[in-house]
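In the working numbering, the protein residues as written are 4 to 131. Data block below; observations after.
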Ligand SMILES: [Zn+2]
């Protein structure tokens, strides 16, 4: 078996592991054309940058939305951030994830915060 085959088998195992912890919602949320994939596994806790899906991969804890993004769309450079277009932190749908700069992410966060001011008090915090 070539390295290439082993690589894709690993990708599929990772995807299976993610699917086992995800509930795909019945209906798209407002503003979306596809339903959210809501993570049921562990997350990054309640503090700053909290509430994002986490999983163990080869002994390390990783951000699930970054794993999903990489699987479907390709490599994420270290300084890039993954934004949720559905503004649902626990969502890991590849259709709702977009790679952005920190600057763009902050801009969108401010805009969203203005749109529903004070809803969850999370404005100004960094995404992992
Ligand atoms: Zn979503």
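By construction, the Cβ of each residue, glycine as well, lies at the ideal position given by its N, Cα and C atoms.
Here the segment 52-59 makes no contact with the segment 103-111; the two share fewer than three CB pairs at distances below 8 Å.
Going by DSSP, residue 106 is part of the alpha helix (DSSP H) stretching over 105-118. Distances from the CB of residue 91 to the heavy atoms of ligand 1 include at least one below 7 Å. Around the beta-carbon of residue 72, 16 or more other beta-carbon atoms lie within 10 Å, marking it buried.
If you check the CB distance, residue 95 and residue 68 come in under 8 Å. Residue range 57-60 is occupied by the beta strand (DSSP E) that includes residue 57.
Shortest gap from the CB of residue 84 to any heavy atom of ligand 1: 7 Å or more. Taking the Cα positions, residue 46 is about 10 Å away from residue 64. One Cα belongs to residue 70, the other to residue 48, and the distance between them is close to 19 Å. Within the model, the alpha-carbon separation for residue 14 versus residue 74 is close to 7 Å.
The closest heavy atom of ligand 1 lies 7 Å or more from the beta carbon of residue 74.
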